[in-house]
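**Student:**
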Amino acid sequence: MSADRDRPPPACAPAHVRTAELGPLPRCALPEPAPDPFDRQLSITFEAFLATHARKWLTYAYLHTGSEAAAREVTRAAYGQLGRLWPHALRQASVEAYAWSVLKERVVEWLYDHHQPTALTETAAFAVVTHALLRECQQQFAMLESQLGLYAAIARLPERQCDVIVLRHVIGYSDAQIGSLLGVDEVTVRSYASRGKRKLAAALGIDQGNTRGNLTMWHTRPADRRETVETLLSAAAAVSGIDDLAGFCDLDDAGALSGLGASLHTGARAAGGPPTAVRPVRADQGAPSTYPSARDEATHELQLACALVVNAAAAAASLERLVDDHHIDPEGALVFACLLHITGRTDAAHFWWHFGAGAGSRTAAYCLYLSHRRNGEYRDAAYWREQAAHAPDEERRSVAAFDEKQLLPDAARHNLLVQWHSGLAPTLPAVLENVINRLVVDSDDEDFGEIPRPSPTLVQDLGRAE
34 MSADRDRPPP ACAPAHVRTA ELGPLPRCAL PEPAPDPFDR QLSITFEAFL
84 ATHARKWLTY AYLHTGSEAA AREVTRAAYG QLGRLWPHAL RQASVEAYAW
134 SVLKERVVEW LYDHHQPTAL TETAAFAVVT HALLRECQQQ FAMLESQLGL
184 YAAIARLPER QCDVIVLRHV IGYSDAQIGS LLGVDEVTVR SYASRGKRKL
234 AAALGIDQGN TRGNLTMWHT RPADRRETVE TLLSAAAAVS GIDDLAGFCD
284 LDDAGALSGL GASLHTGARA AGGPPTAVRP VRADQGAPST YPSARDEATH
334 ELQLACALVV NAAAAAASLE RLVDDHHIDP EGALVFACLL HITGRTDAAH
384 FWWHFGAGAG SRTAAYCLYL SHRRNGEYRD AAYWREQAAH APDEERRSVA
434 AFDEKQLLPD AARHNLLVQW HSGLAPTLPA VLENVINRLV VDSDDEDFGE
484 IPRPSPTLVQ DLGRAE
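Residue numbers are given in my numbering: position 400 of the sequence shown equals residue 433, and the series is strictly consecutive.
The following block contains the structure:
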């Protein structure tokens, strides 16, 4: 109200007119508005979400910023943004995954603004040393060097594997909770954890700790103590109680999560339509974004990119070259990856985008940038954005500007763009999706899981599936 009271009169009004000279206006006796049950329901769900995740998210922010004050700032900003967008978040396929991307966005923004890399290694090392000093445990000191190396190796893992290991073994989320945060099932979480442990074992030169595994290399410590990735991660869990650090357990009481109730009302007003919050301009961005979060923006742009790729005149010819030629065709890999993404096979799409990007497709690299950004994996996203900006090493052979053979029937191609313009995720008709479902899966990649392979007749099958 103070802003309205201090605002100057409109230009069309005489300069001598002032609010005070107008005198008091009559007040209408209006009844007090009744509490909105919808607002109350939103508040209850948001408070429950805070109660479930607040402590662990503060820990995550502290691990990466290395500062209690920064952890308060980042977590408060994340929950403030989430509170304003809560009705929108509730409409997402996974509330937890959407909220997790908001937290990671805030962490990365804080690191960027302070010109600082992640402090994961240093923060965890401080916790380990403090734990050893407090306990004065000879065995703990014997493991100290290996634990410090463990955290450095964790920080070098692919971002999703790094998150799974940290959330699981350092912060203490269950596999089911991690799956909700990352938008995947528990089997996929265990797969990410297993892959991460194998890479940690290779990096540290020790056994993974799985008696059924094939690794036989041991790292021997005093008193013939044999360390494995599992024992180091168990020790990490034992010292991961960062709440024990001075003042950290008081973060909530210091006001990290106070004053968020009002932000819910702003978000609730937009419940009937898409949020219109404008994200601020950053030094590495050209213009402010009208999307409420980086996840929303990347999701929408990736959907459009995939729809445009499969709608391109040369899409069918590119996919045929991928199947028929005896050498790599990056554009065909791009087309196939976009088809897989549209049909919900995200990990398999990543494999083929990597295939295309490695062969020189900058569009495939850009799709990887958007996909990682959508998942809150900003370190990987930055890498692929840089690759997308680089010119290819050699000029690829040109393709015809127009090809009479279209990859998809006209109605399906048109509907992809109509769905996108309507704010919906583009999907294929069931008959076309069944063509993709019937593709042979002849490999189980360590990093990407089951990978469908394009059949020799894929283009013809898609074209005649009406």
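Even for Gly, the Cβ is constructed at its ideal location relative to N, Cα and C.
Nothing here was measured: the structure is a model prediction, and the numbers come from that model.
Where in the stretch 103-163 do unbroken runs of the alpha helix (DSSP H), each at least 4 residues long, occur, reported from the N-terminal end onward?
**Tutor:** The stretch 103-163 contains these whole alpha helix (DSSP H) runs: 119-123, 128-146.
**Student:** List the endpoints of the continuous alpha helix (DSSP H) containing residue 239.
**Tutor:** Residue numbering aside, residue 239 sits at position 206 when the sequence shown is read from its first letter. Unbroken run through residue 239: none, as it is neither H nor E.
**Student:** Please state the DSSP three-state secondary structure of residue 353.
**Tutor:** Counting from 1 along the sequence shown, the entry for residue 353 is found at position 320. Residue 353: helix per DSSP, three-state reduction.
**Student:** Using 8 Å as the threshold, is the stretch 184-198 in touch with the stretch 223-236, meaning 3 or more CB pairs across them?
**Tutor:** Flag = yes, the stretch 184-198 and the stretch 223-236 touch.
**Student:** Are the stretch 342-356 and the stretch 139-153 in contact at 8 Å, needing three or more beta carbon pairs?
**Tutor:** Too few Cβ pairs lie closer than 8 Å, so no.
**Student:** In whole angstroms, give me the CA-to-CA distance for residue 333 and residue 457.
**Tutor:** The residue labelled residue 333 in the question sits at position 300 within the sequence shown. The residue labelled residue 457 in the question sits at position 424 within the sequence shown. Going from the Cα of residue 333 to the Cα of residue 457 covers about 9 Å.
**Student:** Taking only the alpha-carbon atoms, compute the straight-line gap between residue 123 and residue 131 and give it to the nearest angstrom.
**Tutor:** Residue mapping note: residue 123 aligns to position 90 of the sequence shown, counting from 1. Residue mapping note: residue 131 aligns to position 98 of the sequence shown, counting from 1. Those two C-alpha atoms are separated by around 9 Å.
**Student:** So residue 266 packs on residue 202, CB below 8 Å; how close in whole Å?
**Tutor:** Stepping through the sequence shown from its first residue, residue 266 is reached at position 233. Stepping through the sequence shown from its first residue, residue 202 is reached at position 169. Rounded, the Cβ-Cβ distance is 4 Å, consistent with contact.
**Student:** Since residue 468 and residue 495 are thought to touch, with beta carbons under 8 Å apart, how far apart are those beta carbons, to the nearest angstrom?
**Tutor:** Numbered from 1 along the sequence shown, position 435 holds the residue referred to as residue 468. Numbered from 1 along the sequence shown, position 462 holds the residue referred to as residue 495. With a Cβ gap of about 6 Å, residue 468 and residue 495 count as contacting.
**Student:** Which value, in whole angstroms, describes the spacing of the CA atoms of residue 215 and residue 443?
**Tutor:** Within the sequence shown, the letter at position 182 stands for residue 215. Within the sequence shown, the letter at position 410 stands for residue 443. Computed Cα separation, rounded: 35 Å.
**Student:** Once you ignore the five residues that flank residue 396 on each side, which residues in its own chain have a CB closer than 6 Å to its CB?
**Tutor:** The sequence position of residue 396 within the sequence shown is 363, counting from 1. Here the set comprises 367.
**Student:** How far does the beta strand (DSSP E) with residue 484 in it extend, from its first residue to its last?
**Tutor:** Locating residue 484 in the sequence shown gives position 451, where the first residue counts as 1. Segment 482-485, the beta strand (DSSP E) holding residue 484.
**Student:** Taking just the CA atoms, how far does residue 374 sit from residue 99?
**Tutor:** Position 66 of the sequence shown, counting from 1, holds the residue named residue 99. Position 341 of the sequence shown, counting from 1, holds the residue named residue 374. In a straight line, the C-alpha of residue 99 is about 37 Å away from that of residue 374.
**Student:** Can you name the start and end residues of the alpha helix (DSSP H) that residue 466 belongs to?
**Tutor:** Taking the sequence shown and counting its residues from 1, one reaches residue 466 at position 433. Its alpha helix (DSSP H) spans residues 463-470.
**Student:** Locate the alpha helix (DSSP H) running through residue 447, then write down its first and last residues.
**Tutor:** By 1-based counting over the sequence shown, the position of residue 447 is 414. Element bounds for residue 447: 443-454.
**Student:** Going by DSSP, what residues sit across from residue 222 in a beta bridge?
**Tutor:** In the sequence shown, the residue the question calls residue 222 occupies position 189. Beta-bridge pairing links residue 222 to no other residue.
**Student:** What do you reckon, are the CB atoms on residue 262 and residue 352 nearer than 9 Å?
**Tutor:** Residue mapping note: residue 262 aligns to position 229 of the sequence shown, counting from 1. Residue mapping note: residue 352 aligns to position 319 of the sequence shown, counting from 1. It is not a contact, given that the beta carbons lie outside the stated cut-off.
**Student:** Assuming residue 338 and residue 407 form a contact by the criterion Cβ under 8 Å, report the distance between their Cβ atoms to the nearest whole angstrom.
**Tutor:** Within the sequence shown, the letter at position 305 stands for residue 338. Within the sequence shown, the letter at position 374 stands for residue 407. With 8 Å as the limit, residue 338 and residue 407 do not qualify as a contact, their Cβ atoms being about 11 Å apart.
**Student:** Are residue 390 and residue 420 closer than 9 Å when you measure CB to CB?
**Tutor:** Position 357 of the sequence shown holds residue 390. Position 387 of the sequence shown holds residue 420. Yes, Cβ-Cβ distance for residue 390 and residue 420 is below 9 Å.
**Student:** Closest to residue 327 by C-alpha separation, out of 260, 450, 411, would be which residue?
**Tutor:** To locate residue 327, count along the sequence shown from 1; it is residue 294. For the residues 260, 450, 411, the minimum Cα distance to residue 327 belongs to 411.
**Student:** Taking Cβ positions, are residue 383 and residue 401 nearer each other than 9 Å?
**Tutor:** One-based indexing of the sequence shown puts residue 383 at position 350. One-based indexing of the sequence shown puts residue 401 at position 368. For residue 383 and residue 401, yes; Cβs fall inside 9 Å.
**Student:** List the DSSP bridge partners of residue 474.
**Tutor:** Position 441 of the sequence shown, counting from 1, holds the residue named residue 474. DSSP, once it has assigned bridges, lists 485 as partnering residue 474.
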